[in-house]
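Sequence lines, in order, name chains A and B. Taking the UniProt record's numbering, the leading residue of the first sequence gets 1, the next gets one more, and so forth. Taking the UniProt record's numbering, the leading residue of the second sequence gets 1, the next gets one more, and so forth. Glycine residues also receive a C-beta, built at the ideal position from the N, C-alpha and C atoms.
Protein chains: 2
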Amino acid sequence: MVSQASTELTPAGQRLLDAASALFYRRGIRAVGVEAIAEAAGTTKKTLYDRFGSKDALVALYLGRRFERSRAFTAAYLDEHAPDPGPERVLAVYDALAEWQHEDERGCAFVNAYAEIGGTEHPGVAVIRAENEWIRALYTRLVTEAGLRDLEDADEVGLRLTLLHEGALVTMTAGGVRDAIARARATAADLLELALGA
Amino acid sequence: MVSQASTELTPAGQRLLDAASALFYRRGIRAVGVEAIAEAAGTTKKTLYDRFGSKDALVALYLGRRFERSRAFTAAYLDEHAPDPGPERVLAVYDALAEWQHEDERGCAFVNAYAEIGGTEHPGVAVIRAENEWIRALYTRLVTEAGLRDLEDADEVGLRLTLLHEGALVTMTAGGVRDAIARARATAADLLELALGA
DNA sequence: ATGTAACCATACCGGTCGGTATACTGTCAG
DNA sequence: CTGACAGTATACCGACCGGTATGGTTACAT
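Next comes the structure, spelled out in structure tokens:
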């Protein structure tokens, strides 16, 4: 587990993936051409296709690596700011999200990508689904560890916290509500108190 | 207020807007070319540009008309299924959403569109923002009528219900949770009970 | 009768799309 | 020394993009 997929890339390959990630996230997938990616990476289309084979594969890699990164970021944030099981550790996920989003302003990369490639057979669709399920599983696990031992209850609360999580991202960007994540956190706190007992 | 914007369209114009709406919603905005729209409407690009001037204008009209329709649908649904003020009328918005989404499977048109045109100066961005604010205002109003007279509290609960609303759509599509809207409704019920008193 | 708006058909514009081909340089391991 | 590989540079492919131009056919109002 020492080497990661991103580590195995050649220098030009890494630059291409970095440039593609930034452009895809900021402007959308279809809006960004391979030529622009190659130019931003200071290389050529030839190298891009030698390394990744197709634009679709590059998109899937972009999503996969972003998923990896957000997982690592969240895990590190939780361990640093709320290492002990309990409601505070659950709510810290929203804090991690706020920190992750920061001044990015473009919301959830996976939701945005799904708007463009959802319903197709694009290789990135599976990554999107996996990310969404991971968020849900994370909340469910943390809620269980916080004391909600009943599996069915934990599942239900985990989903509810996920609804707030995703809703906050959408309402923040498309809705223009700056503090949507903080409001979702407050709502989640109420739900947790309700589920775990005062 | 008798005539609507859509009523003023010529027959070919109407067909074009209908075809464009279906294609944009199902496949995305950038994925659909004007040629395909004209062909689906049984007409030509010439007519499309004579009627709408540009693809961007057609997109904005698509979003605007969908906003109009969803507003009318929701209002009619509420009046039919929950005509009296109270928590049930608030929760009926989720029922209306489930009915509206039905077997559409592509989630919120505005969230999807924002993923493609957000951050640009596209004329459709304003429509997206307006739709999102309307949802929030609707929940806030219904909550107030349900008995939450304090303006600040109503604002807060209205936003929370919006988070669940948007989160449900995203979790249903990108997350693959079929009954996400029903789960959002159940969560909203708990929040309302909390806010209005048992 | 004349004008005008709506429409259809077709060809065209410059530009960009994703993807491929050719050819040359540098590096480094066998 | 010799491949093999990573890289650069550039030209090219057919297809499609949004948008325009030309020209002709109806129908209808003045």
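Residues of the region 96-122 of chain B with a C-beta less than 9 Å from any C-beta of chain A: E105, R106, G107, C108, F110, V111, N112, A113, Y114, A115, E116, I117, G118, G119, T120, listed in chain order. The residue among B:Y62, B:M172, B:T43, B:R26 with its C-alpha nearest the C-alpha of B:V125 is B:Y62. In this structure, the beta-carbon distance from B:G28 to A:N132 does not fall below 7 Å.
DSSP places B:P123 in the coil class of the three-state scheme, outside both helix and strand.
Ranking B:V111, B:G86, B:A72, B:L151 by CA distance to the CA of B:A96 puts B:A72 first. Only H165, E166, G167, A168, L169, V170, T171, T173, A174, G175, G176, V177 from the region 165-178 of chain B bring a Cβ to less than 9 Å from some Cβ of chain A. The three-state secondary structure of B:D56, taken from DSSP, is helix. An exposed status is given to A:P11, since fewer than 16 other beta-carbon atoms sit within 10 Å of its beta-carbon.
Under the 7 Å criterion on CB atoms, B:I181 is classed as non-interfacial with respect to chain A.
Taking 7 Å as the cut-off, the beta carbon of B:A92 is found closer than this to the beta carbon of B:A82. In this structure, DSSP gives B:P11 a helical state, which the three-state scheme calls helix.
Here A:L23 is buried. Its C-beta has 16 or more other C-beta atoms within 10 Å. Note that the C-beta distance between A:P87 and A:L164 is not below 7 Å.
Counting the other Cβ atoms within 10 Å of the Cβ of A:R69 gives fewer than 16, which makes it exposed.
Of A:D56, A:A109, A:R160, A:T173, the smallest CA-CA separation from A:D190 is found for A:R160.
Beta-carbon to beta-carbon, B:V157 and B:A60 are separated by about 32 Å, too far to satisfy the 8 Å threshold.
Under the three-state reduction of DSSP, B:L196 is assigned to helix.
Annotated three-state conformation of B:V177 is coil, per DSSP. For A:W134, the closest C-alpha among the options A:D84, A:A75, A:A115, A:D56 is that of A:A75. In this structure, B:T144 lies away from B:D155, with their beta-carbon atoms at least 7 Å apart. For the region 127-153 of chain A, the beta-carbon criterion of a distance under 9 Å to any beta-carbon of chain B is satisfied by I128, R129, E131, N132, E133, I135, R136. The alpha-carbon of B:F110 is positioned some 30 Å away from that of A:V90. Within a 10 Å sphere around the beta-carbon of B:H102 sit fewer than 16 other beta-carbons, which makes this residue exposed. With 16 or more other Cβ atoms from the protein chains shown falling within 10 Å of its own Cβ, B:E116 counts as buried.
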